[in-house]
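See below for the structure under consideration.
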Amino acid sequence: MQRVTITLDDDLMQELDVLIAARGDQNRSEAIRDLVRTGLKEATRNSKGDEPCIGVLSYVYDHAARDLARRLTNTFHHHHDLTIASLHVHLDAENCLEVGILKGSMNDVQHFADHITAERAVRHGSVQIIPVQDGKG
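Just so you know, we're using full-length UniProt numbering here: the sequence shown kicks off at 1 and counts up by one.
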């Protein structure tokens with residue numbers, strides 16, 4: 001292990017301490033290691049745009065929003081080459097959860113996910129991108 005000294009302003013330190021308490025990390029070092037790992041994954045994903053990946057796109061949307069369900073379905077159909085599978089769950093009288101399993105380049109999967117989650121009345125959208133090696137995913 002390496003020991004590193006960093007300087008954080010008071011506001012950032014307070015935010016970090018709130019996160020540590022909420023997540024139940026054992027100490028600041030553990031929390032910072034987790035945040036660095038997350039940041040490194042994000043940086044790697046951004047630098048390997050043409051690398052193949054599997055994406056898990058999940059989002060909640062208001063199914064009664066004008067024309068939204070049709071637009072979402074059309075977007076998936078227009079990008080059928082990215083979609084492996086999808087799951088639709090009726091959460092309550094107004095909200096639906098969609099989960100799409102995607103396969104393609106990191107750029108294509110991220111762009112598709114951004115397009116879906118940017119639709120009006122789509123909320124709680126996120127994508128998890130999992131890098132895969134050629135022929136192994």
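Each residue gets a CB set at the ideal place from its N, CA and C atoms; glycine is no exception. All figures in this text were calculated on a predicted structure; none of them were measured in a lab.
Straight-line Cα distance separating residue j from residue i
i             : j            : result
glutamine 133 : histidine 79 : 22 Å
residue 149   : glycine 39   : Outside the displayed range of the chain (1 to 137) lies residue 149, so it cannot be described from this structure.
threonine 7   : lysine 41    : 23 Å
leucine 87    : cysteine 96  : 10 Å
serine 58     : glutamine 26 : 30 Å
histidine 111 : glycine 24   : 33 Å
isoleucine 84 : aspartate 9  : 45 Å
valine 4      : valine 36    : 13 Å
arginine 28   : valine 18    : 11 Å
Cβ distance (whole Å) where residue i is taken to contact residue j below 8 Å
i            : j              : result
aspartate 50 : asparagine 107 : 6 Å
valine 56    : leucine 82     : About 12 Å; that fails the 8 Å criterion.
alanine 121  : tyrosine 61    : 6 Å
arginine 71  : glutamate 15   : Arginine 71 to glutamate 15, Cβ: 37 Å. No contact.
CB contact flag (residue i, residue j, <8 Å)
i              : j             : result
isoleucine 130 : isoleucine 54 : yes
threonine 75   : histidine 115 : yes
histidine 77   : alanine 69    : no
proline 52     : serine 126    : no
Enclosing beta strand (DSSP E) for residue i [first to last residue]
i             : result
threonine 75  : Threonine 75 -> not in any beta strand (DSSP E); alpha helix (DSSP H) instead, spanning 68-78.
aspartate 62  : 52-62
glycine 125   : 122-131
isoleucine 84 : 83-90
Span of the alpha helix (DSSP H), counted from its first residue to its last, around residue i
i            : result
glutamate 15 : 10-23
alanine 113  : 106-117
Cβ contact (3+ pairs, closer than 8 Å) linking the region 17-37 and the region 90-101: no
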